[in-house]
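Peer 1: Below you will find the structure I want to go over with you.
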Amino acid sequence: GTGLTASSGQLTASGGGINNAVIFRLSSDFTGDQDPISSNLEQDDTYADSTLGDSGQVSQSAGIFTFPTEGHYLVQAHVLFGNGAADAETNLHIQVSENANVGSPTYNDATVAQGSVYNSSARTTIVAQTIVDVADKATDKVRFKISGNSSSNTVFGSTSINYTYFTFIRLADTDST
């Protein structure tokens with residue numbers, strides 16, 4: 007299987023290396039909070055798009071991201087926001103569920119990053135990342151949330167450029183132990 011090993015400061019991949027990566031983006035703006043970011047999401051499809059591996063990609067429905075296979079995935083989120091009001095604390099959450107196949111799944115914060123804008127015309131980017139061990143593709147899911155954002159601040163999206171976007175890179179198989 008595919009795996010990463012470190013030796014003498016060198017990171018090497020066995021079994022062919024990274025073979026699955028995709029970027030989703032927010033395709034239009036919203037203001038205030040969203041829990042979760044559930045609409046206007048699309049796979050990057052412009053300017054030498056983001057897909058590595060034609061089959062078995064991460065997919066999403068209503069903001070819930072599903073993994074095609076078990077393994078370790080690097081999950082990154084980049085959110086561009088501002089242009090509405092001074093805001094001391096906007097939070098970007100990467101949330102993970104290990105029981106997404108039940109009627110009321112539980113999502114827990116894996117990572118929370120914070121950003122602020124100093125005045126009504128300022129913009130900033132918040133970046134968050136985590137590595138998710140997808141032990142069961144039927145139950146392990148990811149979603150993203152914005153909290154603490156001023157109701158007049160915009161989270162920026164576009165159908166032709168990645169302002170707010172989410173990256174999924176499959177790093178390795180799950181542990182065999």
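Counting from 7, one number per residue, gives the positions in the sequence shown under the numbering used here.
In this text, a Cβ means the ideal position worked out from N, Cα and C, and glycines have one as well.
1) Which residue wins for smallest C-alpha separation from E104, given the options A83, T136, Q82 and A144?
2) With distances taken between CB atoms, is the gap from D39 to G154 smaller than 9 Å?
3) Taking one C-beta from the stretch 21–31 and one from the stretch 133–147 each time, how about it: are there three or more such pairs within less than 8 Å?
4) For I167, which of helix, strand or coil comes out of DSSP?
5) Taking the Cβ atom as the reference point for each residue, do T136 and I167 lie within a distance shorter than 9 Å?
6) In this structure, how does DSSP classify N114 when only helix, strand and coil are distinguished?
7) Inspect the beta-carbon positions of A160 and T75 and report whether they are closer than 9 Å.
8) Mind checking Q120: buried by the 16 CB within 10 Å criterion, or exposed?
9) In the structure shown, what three-state DSSP assignment does I29 receive?
10) Which residue's Cα is closest to the Cα of S158: A83, A178, E48 and S127?
11) For Q49 and V138, what's the separation of their Cα atoms in angstroms?
Peer 2: Inspection of the coordinates gives the following:
1) Here the question's residue 104 lines up with position 98 in the sequence shown. With distances taken between Cα atoms, E104 lies closest to A144.
2) Numbered from its first residue, the sequence shown carries residue 39 at position 33. Numbered from its first residue, the sequence shown carries residue 154 at position 148. With contacts defined by Cβ atoms closer than 9 Å, D39 and G154 form a contacting pair.
3) Contact fails: fewer than three Cβ-Cβ distances are below 8 Å.
4) Start at 1 with the first residue of the sequence shown, and residue 167 comes out as number 161. I167 falls in the coil class under three-state DSSP.
5) Locating residue 136 in the sequence shown gives position 130, where the first residue counts as 1. Locating residue 167 in the sequence shown gives position 161, where the first residue counts as 1. The answer is no: Cβ separation not under 9 Å.
6) Taking the first residue of the sequence shown as position 1, residue 114 is located at position 108. Strand at N114.
7) Your numbering for residue 160 matches position 154 in the sequence shown. Your numbering for residue 75 matches position 69 in the sequence shown. According to the sequence shown, residue 160 is Thr rather than Ala. Contact: no.
8) Translated into positions along the sequence shown, residue 120 becomes position 114. Exposed, by the Cβ-count rule.
9) On the sequence shown, position 23 is the one that residue 29 refers to. Residue state, collapsed to three classes: strand.
10) As a position in the sequence shown, residue 158 is number 152, starting the count at 1. The closest CA to that of S158, considering only A83, A178, E48 and S127, is found on S127.
11) Within the sequence shown, the letter at position 43 stands for residue 49. Within the sequence shown, the letter at position 132 stands for residue 138. Distance from the CA of Q49 to the CA of V138, rounded to the nearest whole angstrom, comes to 20 Å.
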